[in-house]
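If you read the sequence shown in this note's numbering, its first letter stands for residue 1445, the second for the next number, and so on.
Built from N, CA and C at the ideal position, the CB exists for glycine as well.
For reference, the structure is listed below as structure tokens.
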Amino acid sequence: MAMYRRRVQRIGKSTYIVSLPNSWAREIGLEPKMSVVMEVLPDLSLRIYVPSKQSRSSVAEHNVSVDPSLSEEDVVREVIGGYVAGASTIRIAYKGVRRDVVERAVSIAKEKLMGLELIDEDTANIVLQVVVDPNLSNLNSVMKRMIRLSVSMHEDIVSYLLGSADRSILEAVIARDNLVDKLYLLALRQLITILRDPYEMGKRGLRYYDAIYMTMFIKSVERVGDHGVNVSKSLLLLDTPPTFIVDLYKGAIDVFRSVCESFILIDKDIAIDAVRNLEKLKSLEEDIRRRHREELARKTAVTRILDAISRIVARSVDIAEEVIDIYALKKMDKLKAAESEEEEQLKQI
């Protein structure tokens, strides 16, 4: 990373001038009268760039070299890494490796990643391209779909517990988690792509701290989907569903849905109200564990279900706290912006 030092000159009462590095200007093709964008970062440093020259994807292709030291799982991880990093094309070159090993790895990667398609191949290369549905090009849309799927998984499990669905619904829930995982990786990919493009960040009003909390949020939603899989697998081991957990389970789902809504809207009040309801759920869980102590000791699958519900509640608390944190940060940003504007107005007097 190049670093330059310049002296600041002042013209008039409120104009500061600093010269731009000549080598940088030549490299990006800066010309007289062109407009540049100056972005104030959270640490009060400035990022300067020309929107028309801003690269939309500085690394369009990700190359994976496969040799005998790499396992099938290693190749899958390499492909996922390139996908999440935002590569539009992933080229796999292999030598001294059986083709069927690479093909299996590609097949597994395609099952895990949304929009990954094979577009070319020969005796030593396989080329994959990422083609995502335009309806999923918006990060918020992906997050909302993740929420809907995760919530629907648990709602279907409750339907089974209440007797309005048969055991096949549990298998469907397990299969559905694969889509939640795909959306999680797609959301990560989109977030990283935005962060690498300051113009896109500015256009979307995204700050770096937003990205930190978004990453934690989508991971929580993905994990709640995983808990749906764990609950379904545990229920498949039981001859009779434990209906005494229904109220607790429904309460946990309702709270999770509410805190997810609060995150999308950045609504602190919804988050606080949702967390208040958690105390009732904790008391209900303690009561269930006390009254059904003997059954829980005999049937470990039921204990695992209760543990999963407890973890959903814990994830909900995490999300609510994230919303409160973001709200505080945005409030501080507004205050700082107002103070800066007031200072500028005073200088003009």
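{"query": "Could you have a look at Ile1534 and say whether DSSP puts it in helix, strand or coil?", "result": "strand"}
{"query": "Inspect the beta-carbon positions of Phe1707 and Val1767 and report whether they are closer than 7 angstroms.", "result": "yes"}
{"query": "What runs of the beta strand (DSSP E), each 3 residues or longer, lie entirely inside the region 1507-1594?", "result": "1533-1538, 1560-1565, 1569-1574"}
{"query": "Looking only at its own chain, which residues have a Cβ that is under 8 angstroms from the Cβ of Ile1455, when we skip the five neighbours before and after it?", "result": "Ile1461"}
{"query": "Compare the Cα-Cα distances from Met1597 to each of Ala1655, Arg1667, Val1484, Arg1734 and report the closest residue.", "result": "Arg1667"}
{"query": "Leu1632 lies in the alpha helix (DSSP H); which residues open and close that run?", "result": "1612-1639"}
{"query": "Which residue or residues does DSSP assign as beta-bridge partners of Met1482?", "result": "Ile1492"}
{"query": "Output the boundary residues of the alpha helix (DSSP H) element that contains Arg1451.", "result": "Taken as a continuous stretch (DSSP letters only), Arg1451 belongs to no alpha helix (DSSP H), as it is neither H nor E."}
{"query": "State buried or exposed for Gly1540, treating a residue as buried only when at least 16 other CB atoms are found within 10 Å of its CB.", "result": "exposed"}
{"query": "Comparing alpha-carbon positions, which option in Ile1732, His1736, Asp1698 lies nearest Asn1721?", "result": "Asp1698"}
{"query": "Hey, out of Leu1680, Val1484, Met1558, Ile1636, whose CA is closest to Asn1622's CA?", "result": "Met1558"}
{"query": "Using three-state DSSP, classify Ile1710 as helix, strand or coil.", "result": "coil"}
{"query": "If you compare alpha carbons, which of Leu1679, Leu1629, Thr1459 is closest to Val1665?", "result": "Leu1629"}
{"query": "With a threshold of 7 angstroms on Cβ separation, who are the neighbours of Glu1644 within its own chain once the five nearest residues in sequence on each side are excluded?", "result": "Ile1638"}
{"query": "Of all the options Tyr1493, Lys1477, Pro1476, which has the alpha carbon lying nearest to the alpha carbon of Val1484?", "result": "Tyr1493"}
{"query": "Distance check for Leu1725 and Leu1692, CA to CA, integer angstroms please.", "result": "6 angstroms"}
{"query": "Under a Cβ-count criterion, where at least 16 other Cβ atoms within 10 Å of its own Cβ denotes burial, should Ala1631 be classed as buried or exposed?", "result": "buried"}
{"query": "When you compare the CB positions of Val1550 and Ile1563, do they come within less than 7 angstroms of one another, or not?", "result": "no"}
{"query": "Quick one: what does DSSP say Thr1687 is sitting in, helix, strand or coil?", "result": "helix"}
{"query": "Please report the distance separating the alpha-carbon of Leu1614 from that of Ser1676.", "result": "5 angstroms"}
{"query": "So the candidates are Glu1765, Val1602, Leu1593, Ala1619; which of them puts its Cα closest to the Cα of Leu1679?", "result": "Val1602"}
{"query": "Report, in whole angstroms, the separation of the C-beta atoms of Ala1531 and Ala1504, which I expect to be a contact under 8 angstroms.", "result": "7 angstroms"}
{"query": "Between the C-alpha atoms of Ile1591 and Ser1585, what's the straight-line distance to the nearest angstrom?", "result": "10 angstroms"}
{"query": "On the criterion of 16 or more Cβ atoms from any shown chain inside 10 Å, does Leu1583 qualify as buried, or is it exposed?", "result": "buried"}
{"query": "First and last residue of the alpha helix (DSSP H) that includes Ala1741?", "result": "1737-1742"}
{"query": "Quick check on Gly1525: buried or exposed, where buried means 16 or more other Cβ atoms within 10 Å of its Cβ?", "result": "exposed"}
{"query": "Starting from Gly1672, trace the alpha helix (DSSP H) in both directions and tell me its first and last residue.", "result": "1652-1680"}
{"query": "Would you mind sorting Gly1473 into buried or exposed? The rule is 16 or more other CB atoms within 10 Å of its CB.", "result": "exposed"}
{"query": "How many Å lie between Ser1581 and Ala1741 at the Cα?", "result": "48 angstroms"}
{"query": "Just how far apart, CA to CA, sit Lys1712 and Ala1718?", "result": "10 angstroms"}
{"query": "Whole-angstrom Cβ separation of Tyr1657 and Asp1769, contact assumed at under 8 angstroms?", "result": "7 angstroms"}
{"query": "In terms of DSSP beta bridges, what is Thr1459 paired with?", "result": "Ile1455"}
{"query": "Can you tell me the Cα-Cα spacing of Glu1783 and Ser1608, whole angstroms?", "result": "59 angstroms"}
{"query": "Using the beta-carbon count (16 or more within 10 Å), is Glu1522 buried or exposed?", "result": "buried"}
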